[in-house]
Every structure is written in C-alpha cells, then in structure tokens.
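Comments concern the structure below.
Numbering (the working numbering), first residue to last: 1 to 184.
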C-alpha cells in the first residue's frame, strides 16, 4: 500500500497529527478504564477499538515517514527523527494489547444481580466464577493499573520525543522570529 501521497501532499504530516492526538487519548482512556472497571464496561468495545485504530495509525505514520525520508534532503535532524519513529510501534502494540485486556477484565468482573441465587450449573459455571473472582481481585486490578500507567506514560513520552524531533527537523532554520509581509 502506498501511504506516501494523499491528494498530492505527503501523507506523513497528516498521519502525524492523528497519532499525536490518538495515542495520548487512548492512553488516558486505558488508565481511566484500568482504574474504574465500570468505565471499561461503559465504553465497551470502544476501548479496544481505540487501541486498534491507534496501532494502525502509528504503523501508517511510520510507513509514510519512511517514504518521506527518501524524498527529503538529508540532515542529522531528519536522520534522528527517522531513527526514533519506529520506536513508537512497540508502545502502540502494548496499548492495543492492554486496551483489550482491561476491557476483558471489566467484562469478567462480577456484575450486580448475577452470580446471586440460582444453582450451580456444573463445572463450567464454577470455572467461570473462579475466573471472575480472580479478574476482580485487588492484586490483578492493581497489576493491570500499574502496567497501564507505565505503558500510557511511555507511549505519551515517546510521542512527544518523536514529535519534537520531527518539528525540529521540519522547521529549524526555516522561519524568522520577526514578522514579515504587510503590517510589519
């Protein structure tokens, strides 16, 4: 797939803006849902959907950046940015995996009104309630929250670092600090 040009314009700057918004937004949603299981249930499949779209957008951004790198003048700033770009993909993969895991943990946790009364329907029901108890246990919830926080912060920091290096590569030495044109 050619992700280099979109309507005659390099696709990379367009994808970058989407990733710069969606990675932090997905990271925030992940942490909120890891902290409040009810938020994960309310968001439903939107949470893992955000993770999947974020991952796809990061891959598109990286691919379009590699395409663009071959078509711009070489510089140490462009090279530094190009080397950092692929470093976001593992963070995006981790975000996606964790959005799925936190969503599933929110779904298997105990729900009001269920699991009460009624007879045991055999070994399958017992195994399901054991999984639900384990998923809703404090150690599992704390572990999920800590891992979510680490990945969320890591992904956002990486987006910032890559974006900063890209902005320096694109703009350093290419603008004036004083106004130009009419009204000057």
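Yeah, the Cβ is synthetic: ideal placement off N, Cα and C, and Gly gets one too.
Within its own chain, the residues whose Cβ lies closer than 6 Å to the Cβ of residue 24, once the five positions on either side in sequence are excluded, are 156, listed in chain order.
Between the C-alpha atoms of residue 103 and residue 149 there is a straight-line separation of about 15 Å.
Restricted to the stretch 19-74, the alpha helix (DSSP H) segments that are unbroken, complete and at least 4 residues in length are 37-43, 46-69, listed in chain order. Judged by DSSP secondary structure, residue 158 falls within the alpha helix (DSSP H) whose first and last residues are 138-171. For residue 86, the secondary structure class from DSSP, reduced to helix, strand or coil, is helix.
Residue burial annotation: residue 167 is exposed, with fewer than 16 other C-beta atoms found within 10 angstroms of its C-beta.
Taking 8 Å as the cut-off, the Cβ atoms of residue 6 and residue 55 do not count as close. Residue 9 carries a strand assignment under DSSP once its states are collapsed to helix, strand and coil. Listed in chain order, the non-local C-beta contacts of residue 101 below 8 Å within the same chain comprise 144, local neighbours out to five positions each way being set aside. Taken through DSSP and simplified to helix, strand or coil, residue 129 comes out as helix.
The shortest C-alpha to C-alpha distance from residue 60 to any of 73, 171, 85, 134 is the one to 85. Contact check for residue 63 against residue 3 passes: the beta carbons are separated by less than 8 Å. If you draw a straight line from the Cα of residue 68 to the Cα of residue 78, it comes to about 10 Å.
Between residue 53 and residue 19, the gap from beta carbon to beta carbon reaches 8 Å or more.
Scanning 36, 12, 26, 39 for the CA closest to the CA of residue 91 turns up 26. Per the coordinates, the alpha-carbon of residue 161 lies some 12 Å from the alpha-carbon of residue 153. Sequence-distant Cβ neighbours of residue 75 in its own chain, meaning closer than 8 Å and more than five residues away, are 169. In this model, residue 32 and residue 39 are separated by some 7 Å (Cα to Cα).
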